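Asker:
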Amino acid sequence: MSVDPDLAHPAGRPRYPGYNVLDQARHWDDVTKGVVLGRLGPPPPIRFFSPDEEAIVRPLVDRLLGMDEEPRVPVVEMLDAQLTERIGPGYRHDDMPDDWDAWKKSLKALDDESRHVYAAGFADLTPGQQRDILQKVQDTDGDWRGLPAAKLWTLWMRSVCQHFYAHPWAWNEIGFGGPAYPRGYKDHTLKSSREPWEVAEVDAFDPEPWAQRVEKAKRRQQ
Amino acid sequence: MNRVRRRNESAWLIPKGDERTNHRLRADMRRFEDADEVDVAVVGCGAGGGVLTQRLARAGWKVVAFDAGPFWDPDADWVSDEAGSHHLYWTEPRVIGGDDPVPLGNNNSGRGVGGSMVHFAGYAPRFHPSDFRTYSTDGVGFDWPICYDDLEPYYRQMEEELPVAGQRWPWGKPHSYPHSPHPLGVDGELFLLGCQRLGIDARVGPVAITNGRFGNRPHCIYRGFCLQGCKVNAKASPLITHVPDALAHGAEIRPNSFVSRVAIGEDGRAAGVVYWKDGKERFQRARAVAVAGYSIETPRLLLNSACERFPDGLCNDHDLVGRFVMVQGAAQTAGRFEHEVRMYKTPPPGVSTEAFYETDETRGAKRGFSIQTVAPLPIAWAEHVASEGHWGHVLREYMKDYIHWASLGVLCEFLPLAHNRVVLADETDRHGLPVAKFLYSQCDNDKALMKAGTQAMKEILAAAEADDTVTINRYAHLVGGCRMSADERSGVVDHTLRTFAVPNLYITDGSVLPTQGAANPALTIMALAARAADHLIATGGRS
Amino acid sequence: MTLTIRRTRPRGHPAGNGAEVVHLLDRLVRNVEHGRFERALSALTAAAAVVTGTEIFLEHDSASFSNRMMWVPIALTPLVTAAGIGGVFSKRIAKTALPAVSAVVVANGLQGTYLHMRGIGERPGGWRLPRYNIEMGPPLLAPLLFTMVGGMGILAAILRREARG
Numbered sequence: 000m001s002v003d004p005d006l007a008h009p010a011g012r013p014r015y016p017g018y019n020v021l022d023q024a025r026h027w028d029d030v031t032k033g034v035v036l037g038r039l040g041p042p043p044p045i046r047f048f049s050p051d052e053e054a055i056v057r058p059l060v061d062r063l064l065g066m067d068e069e070p071r072v073p074v075v076e077m078l079d080a081q082l083t084e085r086i087g088p089g090y091r092h093d094d095m096p097d098d099w100d101a102w103k104k105s106l107k108a109l110d111d112e113s114r115h116v117y118a119a120g121f122a123d124l125t126p127g128q129q130r131d132i133l134q135k136v137q138d139t140d141g142d143w144r145g146l147p148a149a150k151l152w153t154l155w156m157r158s159v160c161q162h163f164y165a166h167p168w169a170w171n172e173i174g175f176g177g178p179a180y181p182r183g184y185k186d187h188t189l190k191s192s193r194e195p196w197e198v199a200e201v202d203a204f205d206p207e208p209w210a211q212r213v214e215k216a217k218r219r220q221q
Numbered sequence: 000m001n002r003v004r005r006r007n008e009s010a011w012l013i014p015k016g017d018e019r020t021n022h023r024l025r026a027d028m029r030r031f032e033d034a035d036e037v038d039v040a041v042v043g044c045g046a047g048g049g050v051l052t053q054r055l056a057r058a059g060w061k062v063v064a065f066d067a068g069p070f071w072d073p074d075a076d077w078v079s080d081e082a083g084s085h086h087l088y089w090t091e092p093r094v095i096g097g098d099d100p101v102p103l104g105n106n107n108s109g110r111g112v113g114g115s116m117v118h119f120a121g122y123a124p125r126f127h128p129s130d131f132r133t134y135s136t137d138g139v140g141f142d143w144p145i146c147y148d149d150l151e152p153y154y155r156q157m158e159e160e161l162p163v164a165g166q167r168w169p170w171g172k173p174h175s176y177p178h179s180p181h182p183l184g185v186d187g188e189l190f191l192l193g194c195q196r197l198g199i200d201a202r203v204g205p206v207a208i209t210n211g212r213f214g215n216r217p218h219c220i221y222r223g224f225c226l227q228g229c230k231v232n233a234k235a236s237p238l239i240t241h242v243p244d245a246l247a248h249g250a251e252i253r254p255n256s257f258v259s260r261v262a263i264g265e266d267g268r269a270a271g272v273v274y275w276k277d278g279k280e281r282f283q284r285a286r287a288v289a290v291a292g293y294s295i296e297t298p299r300l301l302l303n304s305a306c307e308r309f310p311d312g313l314c315n316d317h318d319l320v321g322r323f324v325m326v327q328g329a330a331q332t333a334g335r336f337e338h339e340v341r342m343y344k345t346p347p348p349g350v351s352t353e354a355f356y357e358t359d360e361t362r363g364a365k366r367g368f369s370i371q372t373v374a375p376l377p378i379a380w381a382e383h384v385a386s387e388g389h390w391g392h393v394l395r396e397y398m399k400d401y402i403h404w405a406s407l408g409v410l411c412e413f414l415p416l417a418h419n420r421v422v423l424a425d426e427t428d429r430h431g432l433p434v435a436k437f438l439y440s441q442c443d444n445d446k447a448l449m450k451a452g453t454q455a456m457k458e459i460l461a462a463a464e465a466d467d468t469v470t471i472n473r474y475a476h477l478v479g480g481c482r483m484s485a486d487e488r489s490g491v492v493d494h495t496l497r498t499f500a501v502p503n504l505y506i507t508d509g510s511v512l513p514t515q516g517a518a519n520p521a522l523t524i525m526a527l528a529a530r531a532a533d534h535l536i537a538t539g540g541r542s
Numbered sequence: 000m001t002l003t004i005r006r007t008r009p010r011g012h013p014a015g016n017g018a019e020v021v022h023l024l025d026r027l028v029r030n031v032e033h034g035r036f037e038r039a040l041s042a043l044t045a046a047a048a049v050v051t052g053t054e055i056f057l058e059h060d061s062a063s064f065s066n067r068m069m070w071v072p073i074a075l076t077p078l079v080t081a082a083g084i085g086g087v088f089s090k091r092i093a094k095t096a097l098p099a100v101s102a103v104v105v106a107n108g109l110q111g112t113y114l115h116m117r118g119i120g121e122r123p124g125g126w127r128l129p130r131y132n133i134e135m136g137p138p139l140l141a142p143l144l145f146t147m148v149g150g151m152g153i154l155a156a157i158l159r160r161e162a163r164g
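So the sequences go chain by chain: A, B and C.
For the first sequence, numbering that gives the first Met the number 0 assigns the number 0 to the initial residue and increments by one for each residue that follows.
For the second sequence, numbering that gives the first Met the number 0 assigns the number 0 to the initial residue and increments by one for each residue that follows.
For the third sequence, numbering that gives the first Met the number 0 assigns the number 0 to the initial residue and increments by one for each residue that follows.
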C-alpha cells in the first residue's frame with residue numbers, strides 16, 4: 000500500500016528531542032523502579048506462541064503499532080508472557096473465546112485469510128499487503144472468520160497498546176513524565192505546564208484532521 | 000478534628016514518615032478460629048464491608064472481614080505505573096453479554112482489602128434528594144425506601160472521615176466539604192474556563208483526597224496516579240480510612256480468603272460462610288453474615304448459595320437477585336488545545352458540574368448526567384485513540400500529541416432495568432464454582448442521555464477553545480443487583496440492608512442501590528453501610 | 000499633630016502640601032534619630048499583623064486547617080493588631096500588652112517554622128527530596144514573617160515614645 004506523499008506519516012521525526020524519562024529514575028521509589036526498569040531488561044523467551052504463530056504475530060504487532068525498524072519495544076514477548084500466565088482483563092465476551100484462545104484463533108484466521116487473498120502466509124506478505132488485510136478486518140461488520148470482527152480488533156489494539164505504552168521508550172516518544180513517587184509534579188498550570196526536566200516539543204501539529212485524511216486514503220486504496 | 004478521631008481513628012493509626020502501613024497493628028491483629036462463632040462475618044472489604052467492619056468493631060462486636068484478595072501494603076505492592084497496576088483489578092473469569100456488554104476488570108472491579116476504591120479516581124459526591132424518588136417524580140427508575148434526609152448525617156460522617164475536599168456544593172441539597180478545594184491541573188482550568196464562558200456552574204471537587212495533613216496521612220502530592228493505587232495515602236480507600244480503626248478495635252481482616260457460599264441452617268438463618276484459603280475449603284461460624292462483594296460477586300455468591308430452602312439462589316424467591324444491575328454511561332470526550340495540557344499531572348478527579356443532573360425534558364430523556372475531569376494516562380489514552388479507528392503509524396503519530404489533550408467524562412444516569420442482570424454462566428472458576436455472567440442492554444432513555452452528555456462535553460471543550468474533540472463510549476461504576484425496597488416483592492433487602500428472606504443476612508454494598516443518580520457511588524455505599532451498622536448496633540442484630 | 004506642624008512652619012511661608020510633607024518627614028527623622036517612634040512602630044506592627052494574618056489565613060485555609068496549630072497565628076492576629084493600635088494611643092499598652100502579645104507572636108512564628116519544617120520532612124521523600132518538597136510543601140520561611148511582626152511589636156515597646164502633640 001502506498002499513500003499520497005503529503006499524507007505520509009511524519010514518524011521518525013522525534014517530537015521531544017533529547018527527552019529521556021529514564022533520567023528521572025533516581026527519583027522513583029524502588030518498587031516502581033523495579034517494575035519499570037524490568038521492561039528494559041532481556042525480554043522473556045517465547046513460550047505461548049508456537050514458532051508458526053510467532054511468525055504471524057510479529058508482523059501483526061509491528062503493523063498495528065507502526066513499528067518498522069529496530070529497536071523495537073518487545074511487545075510480542077510481553078504479550079506472550081501475559082498470555083502464558085493467563086492474565087486476563089477480568090471479563091470475556093459471551094461470543095468470544097478467552098483472550099489466549101482468541102489470540103491463537105485470530106492468528107490462524109489471519110494466515111488463512113492471507114493464503115486466500117495472496118496465496119501466501121501472512122508472515123511472507125509485504126508490510127503493505129499485511130496492512131491491507133488488517134484494514135479489511137477493521138472494516139468488517141459482524142463476523143470475520145468465526146470471530147466478531149469489532150471485538151477482535153479491540154482485543155488486538157488493547158493488548159498491543161497496553162504493552163507498548165508501558166515502555167519508557169514510548170513515554171519518550173510522547174513526552175510523558177512517567178512515574179511520580181515520591182517526587183510528584185510541580186508545574187501543572189496553564190502558565191507553567193512543564194517540569195524543569197521535561198522537554199519542549201518541536202513540530203507540533205493537530206493530528207485529528209491529518210489522521211482522518213490518512214484513514215480515508217487508506218480505505219480509498221482498498 | 001477530634002470529633003472525627005473519636006469516631007474513627009484510622010488516619011492517626013497510620014505511621015508518620017515514609018511508611019504507609021502500620022505493620023505492628025496488622026501483626027497484632029486479633030485472629031478468630033473457624034469454630035468461634037463471631038458476631039458478624041463480612042464478605043468483602045471494600046467501601047461497604049470496610050465501613051461496616053469498622054463500625055461494628057468499634058461497638059465491640061466480634062467481626063471477621065473476608066477478602067478474596069491481598070491485604071495491600073501501598074509501599075511494597077503498588078507502583079506509580081499504569082501497566083504495573085493490573086493486579087489491583089478483579090481478573091477472575093467473568094462473562095459479559097447483552098446488546099451493550101460492559102467490560103469489567105480495570106473499569107469497575109477491585110480486588111483486595113480496600114476494594115474498588117483502591118483504584119477509583121476519588122470523586123465522592125452525594126446523591127441528590129431527587130435520586131431517592133425517581134419513580135414518583137419522573138416516572139422512571141424506583142423509589143428508595145429511605146429519603147435523602149435519612150442518609151444525610153452519614154454522608155457528613157463519611158465526608159469527614161475520608162476526608163472530602165471541594166468547594167461549597169450548590170447542587171442537590173447544598174453543603175460544604177471539610178477540606179478546601181485542591182489546586183487544579185490544566186485540564187481542570189480549561190473545564191472551568193469552558194463552563195464559565197457558557198454560563199454553566201462548575202466546581203472544584205468533591206474528591207476524597209487530603210488537601211492538607213489528615214491525621215498522619217500526608218497532603219496529596221499532585222502526581223496523577225490515583226487510579227493506580229495511591230502510594231501517598233492521600234486518596235481515601237477503606238484500607239486506610241476504616242480498616243486501621245477496625246483492627247485497633249479487635250476486628251480480623253482475613254485476606255486471600257474467597258467466600259464461596261453462605262451457609263443456611265435448618266432454622267432458615269445464616270450459620271456462617273464457606274470459604275477457600277490456601278487451597279482448603281473451610282467454614283467460619285457466625286451469628287450474622289453481611290455480604291459486600293459488589294454488584295457482580297454479591298449476586299453470584301447468593302446464586303451459588305442455593306440450598307434446599309432457596310433452590311433458585313439465596314434470597315431469590317422473587318427472582319430479584321442479580322437484577323436491575325446498573326452502570327453509568329461514561330463517555331469521555333477529549334479536546335485538543337494549541338498549548339500544552341499534560342493532563343497526567345495532578346489527580347484525574349478535579350472539577351465537576353452537576354448542572355445537568357436533574358430531568359430536563361428538552362433532552363428528550365428523563366434524569367440527567369454530570370461531567371467531570373478524567374485525565375487518562377498513556378495506555379488509557381491509547382485506547383481513546385484506537386477507538387477512533389487509528390492504528391499503525393497514525394496511532395503513533397497521534398499519540399505524540401498526548402500532551403495537548405484534555406479529557407472530560409460524563410456520568411449518565413442509566414435506568415435500572417430488570418433484564419440487566421447477573422446470572423450464573425456455564426463455565427466455572429478454579430474452585431469449580433459457576434462464574435458470573437453479566438448481561439447489559441441500554442434503553443432509549445440511556446442512549447438519549449449519553450448523546451446529550453457527549454454534546455455538552457463537546458460544547459464545553461469548544462468554549463475553552465479546543466480545536467478538535469474525540470469521544471470514546473464507555474461505562475463506569477456498578478450498582479444494583481440486590482436492591483433495597485419497601486417490600487420483598489420488589490427488592491432483596493429492607494432499608495436497614497437486611498435481606499427479607501434471611502433475618503440475619505445483610506447486604507452492605509453497592510448492589511443494594513435501587514437507582515444510581517449521576518454521581519459516583521462510593522460515598523453513598525459507605526454512608527449506607529454506616530447507617531446499616533447503626534441499625535445493627537442499636538438492635539443488637541436481633542431480628 | 001496639626002498644631003506641631005503649624006509651629007514648625009517658617010514664618011511667612013505659604014502653607015502648601017509639599018511643605019507639610021517635608022516637615023512631617025523632618026519630624027519623623029528627628030524622632031527616629033532620637034529613638035522616638037514607639038507610636039509609629041506600634042501602628043506599623045498593627046498594620047503588618049493584619050496583612051500577614053490575612054495571608055496566613057488564606058494559605059492555611061487552602062490547606063484545610065488540617066492541623067489545629069494552624070489556627071494559632073489566626074487567633075493571635077487580632078490580639079497583636081489590637082495591642083498595636085492600643086500602643087498608638089496608650090503608652091501603658093505600648094509597654095505592657097504590646098510586648099507581651101508580640102513575644103507570643105515571635106514564639107509562634109518560630110514554632111511555625113519548626114512545624115513547616117516537620118511538614119516538609121513528612122512529605123513523601125521528605126528531606127531526601129529537599130528542593131521538591133520545600134517548593135511544594137508548607138512554605139519553610141513564611142512563619143518567620145510572623146516572627147518579624149512580633150519583633151516589630153517588641154521593638155516598638157522598648158523605644159522612646161514620640162512627644163505628644
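Glycine included, C-beta positions come from ideal geometry on N, C-alpha and C.
No experiment lies behind these values; they were computed from the predicted model shown.
B/A381 and B/D200 - do their beta-carbons sit closer together than 8 Å?
Answerer: no
Asker: Taking the beta strand (DSSP E) that A/S105 belongs to, which residues open and close that run?
Answerer: A/S105 -> not in any beta strand (DSSP E); alpha helix (DSSP H) instead, spanning D98 to Y117.
Asker: Is it buried or exposed, C/F88, if we count other Cβ atoms within 10 angstroms and call 16 or more buried?
Answerer: exposed
Asker: If you measure beta-carbon to beta-carbon, which residues of the segment 103-116 of chain C are closer than 7 Å to chain A?
Answerer: none
Asker: Name the chain C residues whose beta carbon is nearer than 8 Å to that of B/I220?
Answerer: Those are R122, P123 and M135, listed as they occur along chain C.
Asker: Reducing DSSP to helix, strand and coil, say where B/S175 ends up.
Answerer: coil
Asker: Just confirm the distance between the C-beta atoms of B/L407 and B/T332, as a whole number of angstroms; I'd bet it's less than 8 Å.
Answerer: 6 Å
Asker: Just how far apart, CA to CA, sit A/D3 and A/V213?
Answerer: Any answer about A/D3 is weak, because its pLDDT of 44 lies below 50 and its placement is not dependable; what the coordinates show is given next. Whole-angstrom Cα-Cα distance: 9 Å.
Asker: Any idea what DSSP makes of B/L448, helix, strand or coil?
Answerer: helix
Asker: Nearest CA to the CA of C/T146: which residue from C/L75, C/G120, C/G108 and C/P77?
Answerer: Closest option to C/T146, Cα to Cα, is C/G108.
Asker: Tell me the DSSP secondary structure of B/D142 in three-state form.
Answerer: Reduced to three states, the DSSP call for B/D142 is strand.
Asker: Taking C-alpha atoms, which residue in B/A233, B/I145 and B/F131 lies nearest to B/H178?
Answerer: B/A233
Asker: Our contact map puts B/N419 next to B/V324 with C-beta atoms below 8 Å; I'd like the distance itself, whole angstroms only.
Answerer: With a Cβ gap of about 5 Å, B/N419 and B/V324 count as contacting.
Asker: Tell me the DSSP bridge mates of B/A333?
Answerer: B/S406 and B/V469
Asker: On the three-state DSSP scale, how would you describe B/V491?
Answerer: In the three-state DSSP reduction, B/V491 falls in the coil class, being neither helix nor strand.
Asker: Relative to the C-alpha of A/D94, which residue among A/K150, A/T188, A/K107 and A/P178 is closest?
Answerer: Nearest option by C-alpha distance: A/K150.
Asker: Which residues in the same chain as C/P137 place their Cβ atom closer than 6 Å to its Cβ, once the five residues preceding and following it in sequence are excluded?
Answerer: Cβ contact annotation for C/P137 (same chain, cutoff 6 Å, sequence separation greater than five): H115 and G118, in chain order.
Asker: Quick one: list the residues of chain C neighbouring A/K185, beta-carbon separation under 8 Å, in chain order.
Answerer: Near A/K185 (Cβ distances below 8 Å), the residues of chain C are Y131, E134 and M135.
Asker: Can you tell me whether B/T11 is helix, strand or coil according to DSSP?
Answerer: Checking the sequence shown, residue 11 of chain B turns out to be Trp, not Thr. In the structure shown, B/W11 sits in a helix (DSSP, three-state: H, G or I).
Asker: Do B/Y147 and B/P128 have their C-beta atoms closer together than 8 Å?
Answerer: yes
Asker: Which residues does DSSP pair with B/C411 in a beta bridge?
Answerer: B/G328 and B/F368
Asker: May I ask which residues mark the beginning and end of the beta strand (DSSP E) holding B/R299?
Answerer: Careful: B/R299 lies outside any beta strand (DSSP E), inside the alpha helix (DSSP H) at Y293 to N303.
Asker: Quick check: the segment 275-284 of chain B against the segment 79-94 of chain B, are there 3 or more CB pairs under 8 Å?
Answerer: no
Asker: Rounded to a whole number of angstroms, what is the C-alpha to C-alpha distance between B/G431 and B/K230?
Answerer: Cα to Cα, B/G431 sits roughly 35 Å from B/K230.
Asker: Please look up how many angstroms separate the CB atoms of A/G65 and B/G391, rounded, as I've assumed it's under 8 Å.
Answerer: 4 Å
Asker: Using beta-carbon positions only, say whether B/K399 and A/I173 come within less than 8 Å of one another.
Answerer: yes
Asker: For A/L124, collect the residues of the same chain with a Cβ closer than 7 Å to its Cβ; drop the 5 residues on either side in sequence, then sort them by chain order.
Answerer: S113 and Y117
Asker: Can you check whether the CB of B/G292 is closer than 8 Å to the CB of B/G43?
Answerer: yes
Asker: Quick check on B/K344: does DSSP put it in helix, strand or coil?
Answerer: In this structure, B/K344 counts as coil in the three-state DSSP scheme.
Asker: Can you give me the Cβ contacts of B/W404 inside the same chain, cut-off strictly under 8 Å, excluding the 5 residues immediately before and after it?
Answerer: A333, G334, R335, F336, V340, M342 and W380
Asker: Kindly indicate which residue of B/T523, B/D533, B/Y474 and B/D467 has the alpha-carbon position closest to the one of B/R497.
Answerer: B/D533
Asker: Using the rule of at least 16 other Cβ atoms within 10 Å of the residue's Cβ for burial, across every protein chain shown, is A/H115 buried or exposed?
Answerer: It counts as exposed.
Asker: Any Cβ of chain B within less than 8 Å of the Cβ of C/L57?
Answerer: Cβ-Cβ to chain B under 8 Å: no for C/L57.
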